[in-house]
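All remarks here apply to the structure that follows.
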Amino acid sequence: MKMKGLFLAGLLWMAATGMQARGMEHFIDELASQQEVTRVSLGTAAMALGSMFTDTYGVKHIDVLCLEHCSDEVRTKFGQAIADLHDPDFEPLVSHSENGERTKIFVKIKDEMIREMVICHVDDEVAVVRLKGKIKPSDIEQVIQDHGSDR
């Protein structure tokens, strides 16, 4: 009986850890695998080159995924996935909804640095921007102050 209980507990643990791993990373991978998704990536080399001309604020990698050319069904599916998105490694920073537009910003923080930021925007189109690096929260505040009134 004890062996059966341990086996069931092990299965539950594996299921729980498997579900956690299917959070943000799974969402991004599934989104990128869609046929009509436009993906633009700037890796470490491109960001290092860019840092010679402007401040990159610690960003080492950028992914932009746009579903502009996808079917309405795919856009609706991922719009709902963004609404339901939960990953224990990420904290929701901003969640805003107005006039059919929805924006969510998630951050992964380690050692008081933002290691990853995912910005999801849904309106007639769906777009996801993923930033990786070592970003200081004060740098985010500075960017908002410098460019916040541009909208």
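Residues -21 to -1, 1 to 130 (mature numbering (1 follows the signal peptide of the UniProt record, and there is no 0)) are what the sequence shown spells out, left to right. Beta carbons: idealized from backbone N, C-alpha and C, even for Gly.
{"Check": "So what does DSSP say about Val86, is it helix, strand or coil?", "Outcome": "strand"}
{"Check": "Answer yes if the region 42 to 50 comes into contact with the region 103 to 117, meaning at least three C-beta pairs across the two stretches below 8 Å, and no otherwise.", "Outcome": "yes"}
{"Check": "If I follow the unbroken alpha helix (DSSP H) through Asp56, where does it start and stop?", "Outcome": "The question names Asp, yet the displayed sequence has Lys at residue 56. Residues Asp51 to Asp63."}
{"Check": "Look up Glu77 in the DSSP assignment and give the residues it is bridged to.", "Outcome": "Glu80"}
{"Check": "For Phe32, count the other beta carbons within 10 Å of its own beta carbon; 16 or more makes it buried, fewer makes it exposed. Which is it?", "Outcome": "exposed"}
{"Check": "Specify the secondary structure class of His126 as computed by DSSP and reduced to three states.", "Outcome": "helix"}
{"Check": "Is the CB-CB distance between Val97 and Arg109 below 8 Å?", "Outcome": "yes"}
{"Check": "Taking DSSP's pairing of strands, which residues face Val101 in a bridge?", "Outcome": "Arg81 and Val105"}
{"Check": "Could you tell me whether the Cβ of Leu10 comes closer than 8 Å to any Cβ of chain D?", "Outcome": "The structure shown has no chain D; it contains just one protein chain."}
{"Check": "Is the region 15 to 28 touching the region 84 to 93, taking contact as three or more C-beta pairs under 8 Å?", "Outcome": "no"}
{"Check": "Roughly how many angstroms separate the alpha carbons of Asp68 and Lys87, rounded to a whole number?", "Outcome": "6 Å"}
{"Check": "Run the CB neighbour count on Ile123, radius 10 Å, all protein chains shown included, and call it buried at 16 or more, exposed below.", "Outcome": "exposed"}
{"Check": "CA-CA distance, Gln121 and His5?", "Outcome": "31 Å"}
{"Check": "Is the beta carbon of Lys39 sitting closer than 8 Å to the one on Ile61?", "Outcome": "no"}
{"Check": "With a Cβ-Cβ cutoff of 8 Å, do Gly29 and Ile114 count as a contact?", "Outcome": "no"}
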